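To start, the structure under review is shown below, and the notes come after it.
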Amino acid sequence: MFLGIIKKIYRGLWYGKIPILILCFSLFSVWNYYSKHQIYTQENSIEFSSIDTAKEVPKNSAELYVGSYLGSSPNQEALTLSFEDQNVCGKDRLYLEPDIDDIGEIFRNRRKNFPEAKIPIECILYSMRSFMYSPQRTSVAYSYCNEEVGSPVRGKKTACLTQEYVYPVYNAYVDVMDCLEIPQTDLIPKLLNESGFHTNALGHGMDAGVGQLTGDAIKSVLQKGRFEDNVKTYLDYHLEEMRRSRKPSCARVLSNKNLISAVSPNQDQRCNMIALPGNPLRNILYTGIFYRYILLNQAGILYSNGQNYIQDGNQWIPWNENASVEYGGYLKSHQIGKKLSKAGLKDANMNAIKQMMITLGYNAGMQTAVIFLDNYLKARIAAKLPVKSSDFDFLQEEFAIFKAVKNPKAEAARQKKLAQIMNEPFRGTFPIYLRLVQKSGTKGYLSNVAAKHKQLNHALGENKCTSPKYLQF
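This is the structure:
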C-alpha cells in the first residue's frame, strides 16, 4: 500500500513537470533566437549647419524580430531563387497583392530591355527569401499599412514572393541607384542584413521598409544644406539634379510626382515609408538620397547632373573610384589619410575606407563612424604599433582571439593576448576594435554586414550581387 502511494506521488510530480519543462524549453528557444538573430538599424540623430560642425546623438538599436532563416539543405540555393505561386501561398500571405496592382506598370512589370541593371533580379529575390522567412506564422518583423498615413500594424507572415511583388522592388532599386550614381552592389549586403528588401519590414525602433528608414534618416533627407550659393533641403537639391540629368532611370523615378515629395519623419506616420503603391519607390529614393547625404558629408563627393563631383581647390571636378583627389568632409577634417600613412599604411586604399565609413555611418552615425576610425589610428600611432591592410579586413576577420584552443601552451598565449586587447582594444584589428568599443548603433555591425556579403557570394557566385573587395583593402 505504501509503495502504491509513493508511485502515485511520483507519477503526479513527473507529469506535473512536463508542462513546466516544455515552457522552460520554449522560453530558452526564444531567448536563444533573439541573441543570435539580430537585425541592425541605421539610427543616427544629426543637427547640422556645415560639414565641420555636425553634431550626432546616435541611439542604440534593439532587436525584436521573430522569424526563421532558411535551413542549410542541399536544395537551399534552388529554393531561394524561385518565385512563389500565389495559388500556393494562401490568402494570409497575399495581403499586399491588391496594393501591388496599383503600382504603375513601368515599375510593376518585368522589363524586356533594362540596360541600367547591373545586378540580376536573383539578388533581390534571394534576399527576400533569406531574410526572416516566416511563411507559416506571423512575425513582428513584418507589418501592414492600408494607407500612407498612420503607424504600421505589426504581425504578418512573409508576403508571397510572386513576380508581381519582387519586380517593383527590383525595378525601383536599380532605377534609383543608377539615377543617383550609387553602385548597385554596395547596399545589397546591408539591406539583406536589415530588411531583406521587404517593403513592409519594420524594425524595433520603427525602422521602415526596404531601407529601414528611421525618423533621423528621413530628417536628414529633409534637412537644409548649402549648395553653392543656395540653401535648400537635400531632397529638393537632389530632385533638381535628377531633373537636369538625361538618364532614363531618373526620368522614370521623376514620373511619379506624388512619390517624391516631403513626408513626415514622425514615428506615428511611418506608413508613409511602408504602404504600397507609394512604396517601395519612395522608400528607396529616400534611402538613396540618405546615402548621398552621408557620402557628401563624410567624403565631400557631390551629386550633380547625374554624376559624382569632388572639390579640387576652388573647382568641382568629375570623380570616380580611380580619382587621386583627396577626399573632403569628415575624412579630410579628421586627416584620416595622413593618419593612415603615419600609422604605417602608405598609399592606403581610401575608396575602401570610404565604403567602410558610409556603411558604418548608417548604423553608428555619420560623424561617429569617422571618429571611431580616428581614435583607432591615433591610439596605434601613440603606441607605435603599425597597422597593416589585414587590420581592416572585415571579410577575413573570424575573431579567433575570442575562441579557446585545446593546446595548453597556445591557449595561455591566446589568453595573454586577449587580456591585452580587452585592456587596450586598439591592439586588435579594426573589426575587433569596433566590436569592443562601439557604443552607438550595434557592436560588430560592419562584421555582420560583411557576413552577408560572404553569404551572397556563396549562394549566388562571387561578385554577382556584391562589390569586389567589399569592406577590405
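According to my numbering, the stretch in the sequence shown is residues 2 to 474, in order. Where is the CB? At the ideal position from N, CA and C, for every residue including glycine. Note that the coordinates shown come from a computational prediction; the quantities given were computed from them, not determined experimentally.
**Proximity below 7 Å, CB of Met129 to CB of Leu97** = No, these two residues do not count as a Cβ contact at 7 Å.
**Message:** Counting C-beta neighbours from all protein chains within 10 Å, is the total for Ala202 16 or more, i.e. buried, or is it exposed?
**Reply:** Classification for Ala202: buried.
**Prompt:** Between Ile177 and the rest of its own chain, which residues show a CB-CB distance below 7 Å, the 5 nearest in sequence each way excluded?
**Reply:** It is Val, not Ile, that sits at residue 177 in the sequence shown. Val254, Ile285, Leu286 and Gly289.
**Asked** Would Asn449 be called buried (16 or more neighbouring beta carbons within 10 Å of its own) or exposed?
**Response** Answer is buried; the Cβ neighbour count reaches 16.
**Request:** Just the C-alpha distance for Ser131 and Asp313, rounded to the nearest angstrom, thanks.
**Result:** Spanning the alpha carbons of Ser131 and Asp313 requires a straight line of approximately 44 Å.
**Request:** Classify Ser246 as buried or exposed, calling it buried when 16 or more other Cβ atoms lie within 10 Å of its own Cβ.
**Result:** Label assigned to Ser246: buried.
**Prompt:** By the 10 Å Cβ neighbour count, where 16 or more other Cβ atoms means buried, how is His239 classified, buried or exposed?
**Reply:** If you draw a 10 Å sphere on the C-beta of His239, you find 16 or more other C-beta atoms in it, and that means buried.
**Request:** Let me know the secondary structure DSSP gives Ser46 once reduced to three states.
**Result:** Annotation note: pLDDT 28 at Ser46 (below 50); position unreliable, coordinate value reported separately. Taken through DSSP and simplified to helix, strand or coil, Ser46 comes out as coil.
**Asked** On the three-state DSSP scale, how would you describe Ala202?
**Response** DSSP places Ala202 within a strand segment (E or B) once states are collapsed to three.
**Prompt:** Are the CB atoms of Cys272 and Pro153 nearer to each other than 7 Å?
**Reply:** Result yes, Cβ atoms of Cys272 and Pro153 sit closer than 7 Å.
**Proximity to Glu149 [Cα-Cα], best of Leu260, Val211 and Gly226** = The residue from Leu260, Val211 and Gly226 with its alpha-carbon nearest to that of Glu149 is Leu260.
**Prompt:** Would DSSP call Pro116 helix, strand or coil?
**Reply:** DSSP places Pro116 in coil when its eight states are reduced to three.
**Item:** Counted within 10 angstroms of its Cβ, other Cβ atoms place Arg94 as buried (16 or more) or exposed
**Value:** By the neighbour-count rule (16 or more Cβ atoms within 10 Å), Arg94 is buried.
**Message:** So that I know if they touch, is there some Cβ in chain D lying closer than 7 Å to that of Ala451?
**Reply:** Protein chain content of the structure displayed is limited to a single chain, and chain D is not contained in it.
**Prompt:** Exposed or buried, what is Arg138 when buried is set at 16 or more other beta-carbons lying within 10 Å of its beta-carbon?
**Reply:** Arg138 should be labelled exposed.
**Asked** With 16 other CB atoms within 10 Å as the buried threshold, where does Asp269 fall?
**Response** By the neighbour-count criterion, in which a residue is buried when 16 or more other Cβ atoms sit within 10 angstroms of its Cβ, Asp269 is exposed.
**Request:** State the Cα-Cα distance for the pair Arg381 and Pro432, rounded to the nearest angstrom.
**Result:** Note on geometry: alpha-carbon atoms of Arg381 and Pro432 lie some 14 Å from one another.
**Message:** Looking at the secondary structure, which residues open and close the alpha helix (DSSP H) in which Thr360 lies?
**Reply:** Judged by DSSP secondary structure, Thr360 falls within the alpha helix (DSSP H) whose first and last residues are Met351 to Ala365.
**Request:** Could you have a look at Thr467 and say whether DSSP puts it in helix, strand or coil?
**Result:** Thr467 carries a coil assignment under DSSP once its states are collapsed to helix, strand and coil.
**Prompt:** Alpha carbon to alpha carbon, how far is Cys124 from Lys470?
**Reply:** Between Cys124 and Lys470, the alpha-carbon positions lie close to 18 Å from each other.
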